[in-house]
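Numbering (our numbering), first residue to last: 58 to 423.
Glycine residues also receive a C-beta, built at the ideal position from the N, C-alpha and C atoms.
What you are looking at is a predicted structure, and each value in this text was computed from that prediction instead of being measured.
Have a look at the structure below, then the notes.
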Ligand SMILES: [Mg+2]
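Printed below as a string of structure tokens:
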């Protein structure tokens, strides 16, 4: 057994309150109910990971995610973290429908592996785009007054790209965007429908926004995930680029989207697929001539730092939606990348360079 074999895995729940209820067309959260995980190697090197299940998107909740991660963990004991790719493939075979649970374990392995190598996690993927990057900011579905209040607050902090959750009520969606547009100069919008629109609703939404002169940068997953024809029709009829999010939960999904020309962007999220598979989808997306966006579920900086590592190391990401740690009322993690206003600053220390205390009564597998 070499020094980089996995000796112990610890898993514990973490509750982080969300400052404003995270309301999207298909669901609602007031607390991020996530899992943190820690892998310890034979030489004592540790790595941390996070699972952020979002039932309405991925079908996982925390209880099933915890069961799955606990069930998968014993198969990792005694394995070398350098074999993370084949381990990730094995996890995918064992628990295909629990990507968030797998993502937490993969992230912890990758953190430990890159710490062993004494390189920042992003260096594992290359060093293609190591610089400060700007994220959008999400405005959940809420009333007009709160929408304006939130948008003004973020604008003051420097945010210019507003990801508006929409898809419940077209006319109200248009009114909310118009109010923000009227109040704040030089901004752009992403409209994220989370599958809530019909094709007709979405076209009405876009013409409404065009009527008042709003700058719609991107439409994210306006219609239900299986309606790839609808996505294509919307891109063609509106001329606004479309990002496939819920429609792409595997490499096969990405292939179908590309083949049908159903989207301009694919939104990569490690919680939908695990980390290794997310990288494969990203590589495929670029080779198919589509563009890359990166986002997350309601995550702390652990999972989001892993996603940021793809941006820095792999490169080729045009749109960053890496804002959820800013929507949480506390930051349970020390170290790692930093935010200043809308900018994410890269880190240069080994792994993710983060610490999170593990409670004494955590689940331990060894
Ligand atoms: Mg989305």
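Item, Value
"Residue 412, buried or exposed, once every other Cβ within 10 Å from all chains shown has been counted against 16", "exposed"
"Three-state secondary structure (DSSP) of residue 110", "coil"
"8 Å contact criterion, which residue 325 and residue 339 should meet: CB distance rounded", "5 Å"
"Reduced DSSP category for residue 341 - H, G, I as helix; E, B as strand; rest coil", "helix"
"Residues sharing a beta bridge with residue 300, DSSP", "277 and 322"
"Coarse secondary structure for residue 397, derived from DSSP in three states", "strand"
"Proximity test, residue 277 beta-carbon vs ligand 1 heavy atom, cut-off 6 Å", "yes"
"Continuous alpha helix (DSSP H) stretch holding residue 308: start and end", "308 to 316"
"Per DSSP, cross-strand counterpart(s) of residue 91", "71"
"Inter-residue spacing [alpha-carbon to alpha-carbon] between residue 38 and residue 215", "What the structure shows of the chain is the stretch from 58 to 423, and residue 38 is not part of that stretch, so it cannot be assessed."
"Beta-carbon proximity of residue 108 to residue 92, cut-off 7 Å", "yes"
"6 Å CB neighbourhood of residue 354 in its chain, flanking five on each side removed", "109, 111 and 328"
"CB-CB length for residue 81 against residue 197, believed under 8 Å", "7 Å"
"Burial state of residue 170, where buried means 16 or more other Cβ atoms lie within 10 Å", "buried"
"CB contact flag (residue 290, residue 320, <7 Å)", "no"
"Residue 249: CB within 6 Å of a non-hydrogen atom of ligand 2", "Ligand 2 is absent from the structure shown, which contains only ligand 1."
"Reduced DSSP category for residue 237 - H, G, I as helix; E, B as strand; rest coil", "helix"
"Chain-order list of residues whose beta-carbon lies under 6 Å from that of residue 410 (same chain, five-residue window excluded)", "392, 393 and 404"
"Distance cut-off 6 Å: residue 302 Cβ against heavy atoms of ligand 1", "yes"
"Spatial distance of residue 128 from residue 239 (CA atoms)", "52 Å"
"Exposed unless 16 or more other CB atoms sit within 10 angstroms - verdict on residue 120", "exposed"
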